[in-house]
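Peer 1:
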Amino acid sequence: MTATIERGAATAPVPAPKSTPTRKKPGGFLGSSNGKKAVMAVTGAVMVLFLLAHMLGNLKIFLGKDSFNDYAHALRTLLEPLLPYRTLLTILEVGLVASVVLHMWAAISLARRAGKARPVKYVAKKPQANGYATHIMRFGGLTIALFVVWHLLDLTFGVVNPKGFDSAPADRMIAGFEPSRWWVTLIYFVAVVMVGLHLRHGIWSAVQTLGWANRNRYRVLKASAALVSAVLVVGFLAPPLAITFGVVK
Amino acid sequence: MSRYTEGPEIRDAKAPAGPIEERWEKRKFSAKLVNPANKRKLTVIVVGTGLAGGSAAATLGELGYNVKSFCYQDTPRRAHSIAAQGGINAAKNYRGDGDSIYRLFYDTVKGGDFRARESNVYRLAQVSVNIIDQAVAQGVPFAREYGGLLDTRSFGGAQVSRTFYARGQTGQQLLLGAYQALERQIAAGTVTMHTRHEMLDVIVADGRARGIIVRDMVTGEIERHLADAVVLATGGYGNVFFLSTNAKGCNTTAIWRAHERGAYFANPCYTQIHPTCIPVSGEYQSKLTLMSESLRNDGRVWVPLRKNDTRAPGDIPDDERDYYLERIYPAFGNLVPRDIASRAAKNVCDEGRGVGPGGLGVYLDFRDAINRLGRDAVEKKYGNLFEMYERITGENPYDVPMRIYPAVHYTMGGLWVDYDLQSTIPGLFVIGEANFSDHGANRLGASALMQGLADGYFVLPTTIGDYLAAGPFGDVDDEAIAEAEIKVRNKIDRLLSVNGTRTPDSFHRELGKLMWDYCGMERTEESLRKALERIPELREEFWQNVKVTGTSEELNQVLERAGRVADFFDLAELMCLDALVRTESCGGHFRAESQDADGEALRDDENFAHVSAWEFSPSGEPVLHKETLEYEYVKMTQRSYK
Amino acid sequence: MNLTLRVWRQSGPSDDGRMVTYKVEDVSPDMSFLEMLDVLNERLILEGDDPIAFDHDCREGICGMCGMVINGVAHGEQRATTTCQLHMRHFEDGATITIEPWRAAPFPVVKDLVVDRSAFDRIIQAGGFVSVPAGSAPDAHSVPVRKEDADAAFDAATCIGCGACVAACPNGSASLFTAAKITHLSLLPQGQPERLSRAKAMVDQMDVEGFGGCTNTGECTAVCPKGIPLETIARMNSDYLKANAK
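Residue numbers (my numbering), protein chains in the order written: chain A, 13 to 261; chain B, 13 to 654; chain C, 1191 to 1436.
#1: Taking beta-carbon pairs under 9 Å, can you tell me which members of the segment 185-199 of chain A lie near chain C?
#2: Between the segment 426-434 of chain B and the segment 283-297 of chain B, do three or more beta carbon pairs fall short of 8 Å?
#3: Does B:H622 come out as helix, strand or coil in the three-state DSSP assignment?
#4: Assign B:K80 to one of three DSSP states: helix, strand, or coil.
#5: Just mark C:W1292 as buried or exposed, buried being the case when its beta carbon has 16 or more other beta carbons within 10 Å.
#6: Kindly indicate which three-state DSSP category B:W314 falls into: helix, strand or coil?
#7: Looking at chain C, is there any beta carbon in it that lies within less than 8 Å of the beta carbon of B:I144?
#8: With 16 other CB atoms within 10 Å as the buried threshold, where does B:M648 fall?
#9: Determine, using beta carbons only, whether A:M13 comes closer than 8 Å to chain C.
#10: At a cut of 8 Å, does the segment 233-253 of chain A reach the segment 214-224 of chain A through at least three beta carbon pairs?
#11: Measure the CB-CB distance between A:I73 and A:A141 and report whether it falls below 8 Å.
#12: So which residues of chain A does C:V1259 contact, with C-beta pairs closer than 7 Å?
#13: Taking only the alpha-carbon atoms, compute the straight-line gap between B:T61 and B:K122 and give it to the nearest angstrom.
#14: When DSSP labels each residue in this structure, what does C:R1233 get in the three-state scheme?
#15: Alpha carbon to alpha carbon, how far is C:A1324 from B:T436? Give it in angstroms, no decimals.
#16: When you compare the CB of C:P1203 with every CB in chain A, is at least one pair closer than 8 Å?
#17: Could you please give me the residues that DSSP links to B:V442 through a beta bridge?
#18: Considering B:G183, what are the terminal residues of the alpha helix (DSSP H) in which it resides?
#19: With a threshold of 8 Å between beta carbons, is A:P251 in contact with chain C?
#20: What residue range does the beta strand (DSSP E) around C:D1240 cover?
#21: Of all the CB atoms in chain A, is at least one closer than 8 Å to the CB of C:F1401?
#22: So is B:R196 in contact with chain C if we call contact Cβ pairs under 8 Å?
#23: Contact criterion: CB-CB distance below 8 Å. Does B:Y676 meet it with respect to chain C?
#24: Taking only beta-carbon atoms, is A:T256 less than 8 Å away from chain C?
#25: Within a Cβ cutoff of 6 Å, which residues of the same chain sit near B:F519, ignoring the five residues on either side of it in sequence?
#26: Tell me which residues of the segment 81-98 of chain A have at least one Cβ-Cβ distance to chain C shorter than 8 Å, keeping chain order.
#27: Is it true that the segment 117-134 of chain B meets the segment 636-645 of chain B, where meeting means three or more beta-carbon pairs spaced less than 8 Å apart?
#28: DSSP three-state call for A:T23: helix, strand or coil?
#29: To the nearest angstrom, how far is it from the Cα of A:M206 to the Cα of A:H147?
#30: Counting only Cβ pairs nearer than 7 Å, list the residues of chain F close to C:K1213.
#31: Apart from the five residues on each side of it in sequence, which residues of its chain come closer than 8 Å, Cβ to Cβ, to C:N1231?
#32: Measure the alpha-carbon distance for A:R19 versus B:I404 and round it to whole angstroms.
#33: Checking 8 Å against the spacing of the C-beta atoms, do B:G464 and B:P280 come in under that value?
#34: Does the Cβ-Cβ distance between B:A446 and B:A96 come in under 8 Å?
#35: According to the neighbour-count rule (16 or more other Cβ atoms, all chains shown, within 10 Å of its Cβ), is C:V1413 buried or exposed?
#36: Can you tell me the Cα-Cα spacing of B:Y410 and B:F378, whole angstroms?
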């Protein structure tokens, strides 16, 4: 038997990539892709711990405005009088900012590296591994970063908050999510879900990157990552939704 | 070419005399050593990177020689040794089941149907022990028992458990071990690797092999590489049949062109046909896939009693089935050696009782095993093989019996070498399947891996020193290089200039069919004469009518194939001639005229206890040199499996 | 079967490439994918055209030489199967099949579907071995190995070096390939002396070659014809971090 053939039209030509640049040996641990991955894992872990604490604090709003305001104050007077006002908080904030910056630096650097590793894209590409979350890490990260800027302007500095900077934290929060500002709640909703998806992959991925995963642990690991993500999503969404829908006033 | 002349006898002058167990020690001691400082000045070319070539290049590099390694694949790890499934024999006697070096030696000589050299086989058995040590130290993950020690199994009808294995991928794991050793030497700078390079000629100057001509398969450039010695480890020539279990790229070009330069070709007619392969499914078939022999431990082989029975296998009642192996060989049943099982399958198919498309297949049925052991137990033992079968055929062997048919698997013949593995061209060494030395007329299961690694890790690195001790051999005569290069270029130009109407593959397919029909499992004087008449005609047509597209200055897979097919024609002719001259049956070579009353192979020790070493002659009339085989230790007997 | 093939054609490393369409009729469902291409190539040759160049050798799924991205999936959609073992019965009559080479900067296209994977060899050269010269080995039974370790080492060692992991990875990472070899040797007692230096050297070489980093998407293991598990990458990471902590 033979097959018969018929040639069809060709697509537009795709230029070949310029010859692969010869790369130098990575400059130390932080220059290596695995080193950068470790940085992402460690800084990611710092941020997850922060988010858990942050979420617990937010939930205080359900115990009343005073409880929330007291908590906000307590953060600033931690370890007083051993340390001056707002010292420990500032240190924590610096650590957190450093983590964010390092996490983003590593992510950008790895993304650029990945881009260079595939100069010609596939005409057809069908992902085989399941997990939507896996494929939107970079997009998710970017969304979260933009949201954090808005979030700080809104509730930390009060720049875009109706109550302004010189108000009590609980007032800012309640004003920020009042029913008329439903769209703020919506932005918040989307962002928090994005955080959840980011962490669902990020948490177990960090454990894998640090070399603690193995075939016996994957199930537990992935389930734990999903659980932590779900708790954070619910914990973070509860206060704004309660405010927007008038449960908390 | 049914004409040939007979030349003087040839002898192996390198094997020391004396007790067989002392010969290798003696040779190692008598071989001259090369001063370490001199090794760096000596260049050795190794062609092929399978078990033999890969391990040889790595070991020569470790010893300090300046090594150049060549392969036609994109990386040395692809060589076809990788496809060996079953295992590797070694006389370790870890089981205490009565194995010994002597027993492995005895089994191999007998299994080879008394057509192998005793000295070589004994050395192979001795060295087998070191191979396992070496492989384990390299990290080859052999199967182990719960106590942490190595597991072994009995294989290919051996009565002792001497086969070490790594699931069904022993060849892969051993080859990767050799590959890693080779890459280590490449990193160390002792070996220079040339991948995607095909060897097209040997440079012989002043009576010595001094280099090779290769084609860079990416740029098409013809390159010359010079050395003090050349080692060929380029595998077997089973692809002369087009359909075989060999990789698509396996070819005879390297050894054939060395043969044209003066290396004798020994026993070209000895081919091994493996009984359990997946049958051909159509004209387009490009290769045959082996199913592990272990399947015969539980599967029962049968065909319908009636001719041209088209019923589905499940509809044929037991009393209308012929379990022919159990019937003819009650003692061994389905476990008879490869050559016997293969021929029996051919016989029932010739009677018109074969099954499947074209009637070329027999059933290998697991129904009884599933009933006896349960489906789970069968799945545990053979699950991956069943999956592979289903992937290829689309049939589920748990429900429908497998169909199998014999296929060409291994070639025992190859370039003639002495005890030092040196061919008749001084400085040209040949190792692994490419030489003829250790398996006689039939190779036992799990012995190919053993031979390749024995040659590469342990034998050649010692014996080549004896030759190289006299080197370096100085500048190579320019004329000899130029002559070889021109010969190569002319052949390529000729192939490109024909511009006919048939593809190289269509010729290869036709040649393969011809070889299978006339020089396959059963050969007769008539069939061989017919082949010897037909091959030159087809070759003539090839050179008049082949179509090779493209140019030689690019990656051109059509050109590569055409060159290989051209050499297969010449080799095929010599194979048929060798088969014609050897009127006895022995091992993988079955001449219908020479069989006993029961239809079993009948050797003729009176006239054929010799190696047939063929010398190339440009006139087309090769010269036969016989090497008499003497058996001091193993008495020649007729094999029987009844 | 009648099929439409869209195949990547590129005559040399620095030439422009493009997708070219071929209609193929009368394809037998029992053909392997490569046999289908063989038949197409035979026709192309007879018509004086350049046949489609593709790498292949053993055609039984073990040498690792073949490999193409078929309909967006490395080695095609059938799991745990190399291109050479893929058969046409898994395609629908009338289907359009897109065929592309492995795409990664460290795997430059040589011609059509043929790519240069020598970067893998250089990763092995960096340390993917046990340094043991021939003839220097102790008796094979002198060091027992736990069966579980030997089996797990074997699972990792079955890698055929085809490069599908790189082709499938959205980052073009060679982590699965590298991790398979690191895991194989790091699980065995014979591999211990060089364990950490090996991991460091091989991972660093992966960077030098220009492969991307791993983001644990699992695409690699999903297309791997030998099913090399993702946990090998965790082990590689662990060994690499330990090597750097020293």
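Heads up, the beta-carbon is just placed ideally off N, CA and C, and yes, glycines get one too.
Please read all numbers here as calculations on a predicted model, not as lab measurements.
Peer 2: Per the coordinate set shown:
#1: Residues passing the 9 Å Cβ filter: none.
#2: No, because fewer than three Cβ pairs between the segment 426-434 of chain B and the segment 283-297 of chain B fall closer than 8 Å, the two stretches do not touch.
#3: It is a strand residue.
#4: In the structure shown, B:K80 adopts extended strand secondary structure according to DSSP, grouped into three states.
#5: Buried.
#6: Shown here, B:W314 sits in a strand according to DSSP, grouped into three states.
#7: The beta-carbon of B:I144 is placed less than 8 Å from the nearest beta-carbon of chain C.
#8: With fewer than 16 Cβ atoms within 10 Å of its Cβ, B:M648 is classed as exposed.
#9: Residue confidence is low: A:M13 scores 48 on pLDDT, short of 50, so the model does not pin down where it sits. Its coordinate-derived value is still stated next. It does: the Cβ of A:M13 has a partner Cβ on chain C nearer than 8 Å.
#10: Three or more beta-carbon pairs drawn from the segment 233-253 of chain A and the segment 214-224 of chain A are found closer than 8 Å, and the two stretches are therefore classed as touching.
#11: Annotated as distal: A:I73 and A:A141, with beta-carbon spacing of 8 Å or more.
#12: Within 7 Å Cβ-Cβ: Y134.
#13: Between B:T61 and B:K122, the alpha-carbon positions lie close to 30 Å from each other.
#14: In the structure shown, C:R1233 sits in a helix (DSSP, three-state: H, G or I).
#15: Between the alpha carbons of B:T436 and C:A1324 lies a gap of roughly 28 Å.
#16: Yes, contact with chain A.
#17: Looking at the DSSP output, B:V442 sits in a beta bridge with B:L244.
#18: 182-200 is the extent of the alpha helix (DSSP H) around B:G183.
#19: A:P251 does not count as touching chain C.
#20: Per DSSP, C:D1240 lies in no beta strand (DSSP E) segment and is marked neither H nor E.
#21: For C:F1401, the nearest CB of chain A lies under 8 Å from its own CB, placing it at the interface with that chain.
#22: Chain C places a beta carbon closer than 8 Å to that of B:R196, counting this residue as a contact.
#23: An answer regarding residue 676 of chain B cannot be provided, because it is not within the stretch 13 to 654 covered by chain B.
#24: Chain C, which has no Cβ nearer than 8 Å to the Cβ of A:T256, makes this no.
#25: Excluding positions up to five away in sequence, the list reads F554, V577.
#26: Taking 8 Å as the Cβ-Cβ cut-off against chain C, none of the residues of the segment 81-98 of chain A qualify.
#27: Yes, the segment 117-134 of chain B is in contact with the segment 636-645 of chain B.
#28: DSSP, reduced to helix, strand and coil, places A:T23 outside both helices and strands of the structure shown, so it counts as coil.
#29: C-alpha separation (whole angstroms): 12 Å.
#30: Within the model displayed, chain F is absent; protein chains A, B and C are what it includes.
#31: Excluding positions up to five away in sequence, the list reads P1241, I1242.
#32: Taking the straight line from one Cα to the other gives about 29 Å.
#33: Taking 8 Å as the Cβ cut-off, B:G464 and B:P280 do not qualify as a contacting pair.
#34: The answer is no: Cβ separation not under 8 Å.
#35: Sixteen is the threshold: when 16 or more other Cβ atoms of the shown chains lie within 10 Å of the Cβ of C:V1413, as they do, the residue is buried.
#36: Looking at the two C-alpha atoms, the distance is approximately 7 Å.
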